[in-house]
Amino acid sequence: HLIVSPDCIIGGMVVNSPSAFSPAGRRDYLEALNRATEPLRAFGWTTHMVGPAVVNVALDRASTQESRRLLPWAVVVSTLVLCLRLRSVKKVFLVMSISGATLLVTLGLMGWLGFCMNMVTIALPPILWVLSMAYSVHFLRYYEHALREGLHQDFALKQTISQCMRPCLLSAVTTSLGFLALLAATMTPVRDLGLSAAMGIVVAF
């Protein structure tokens with residue numbers, strides 16, 4: 054599979070790579086090719102790599118950078134909205150702590166299951182950050198309403214749990230089922246996103 058130009062200035066080699074690559078596998082594969090072509094560069098040649106694996110790794114890196122840019126914005130904007138709505142530093146901290154814990158547990162489960170972040174699943178952190186806040190906000194609003202009715206904190210808490218459990222459970226179930234519908238997709242990254250998001254919603258609940 055060696056290709057050489059007639060003037061012997063440009064050369065190329067066609068390498069057949071495995072098709073069932075995980076994102077981490079693609080990165081390792083390209084790093085191995087880089088190491089293999091290092092002697093050429095040391096000799097003075099300029100090397101380039103093209104192909105689907107190269108494009109996918111570039112897209113994964115770009116998606117990762119985009120996620121690192123979007124997640125802080127999601128945190129900042131959601132924090133401002135919570136401050137305006139809840140008007141309490143403790144409540145805002147509580148909601149953000151639960152969303153942060155949801156993210157950590159979900160990403161930990163993804164790592165335990167062997168999922169890798171890719172150009173699709175990289176969208177999960179900002180999505181899950183926002184969605185997981187809904188349960189905490191609903192709970193706090195029920196609790197505040199119970200306190201305004203004059204109930205003691207213990208009774209207000211029990212009433213909040215009894216009133217909030219059913220709607221939050223239904224919301225979690227329907228949202229998880231919506232994400233699980235992505236398992237019907239043919240692309241592995243889309244299926245990984247669906248399963249990971251469904252797990253995240255359960256963790257948030």
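Sequential numbering of the sequence shown, starting at 54, is according to my numbering.
The beta-carbon is built from N, C-alpha and C at its ideal position, and this holds for glycine as well.
Query                                                                                                  : Result
Straight-line Cα distance separating E84 from P92                                                      : 14 Å
Pair within 8 Å by beta-carbon distance, A234 and L184                                                 : no
Stretch-stretch touch, CB-based, cutoff 8 Å, three pairs: the segment 167-174 with the segment 236-250 : yes
Nearest to V67 (by Cα), restricted to the options T132, L181 and I56                                   : I56
Uninterrupted alpha helix (DSSP H) stretches inside the segment 106-187 (no shorter than 4 residues)   : 142-166
Rounded distance between the beta-carbons of V190 and A225, thought under 8 Å                          : Going by Cβ atoms, the distance from A225 to V190 rounds to 14 Å, so no, they are not a contact pair.
For V67, the three-state DSSP class (helix, strand or coil)                                            : coil
Alpha-carbon to alpha-carbon, M252 and V110                                                            : 26 Å
Simplified DSSP state of L236, which is helix, strand or coil                                          : helix
Per-residue DSSP class, three states only, for V57                                                     : strand
With 16 other Cβ atoms within 10 Å as the buried cut-off, status of L222                               : exposed
G78, enclosing alpha helix (DSSP H) - first and last residue                                           : P76 to A89
Rounded straight-line distance, which links the Cα of G203 to that of L157                             : 37 Å
Rounded separation between W182 and G153 - CA only                                                     : 7 Å
Buried/exposed call for P178, threshold 16 Cβ in 10 Å                                                  : buried
CA-to-CA distance, V148 to R140, given in whole angstroms                                              : 12 Å
Local conformation of T99 per DSSP, three classes                                                      : coil
Distance CB(T90)-CB(T99) smaller than 8 Å                                                              : no
Nearest residue (CA-CA) to S131, options V145, R121 and G97                                            : V145
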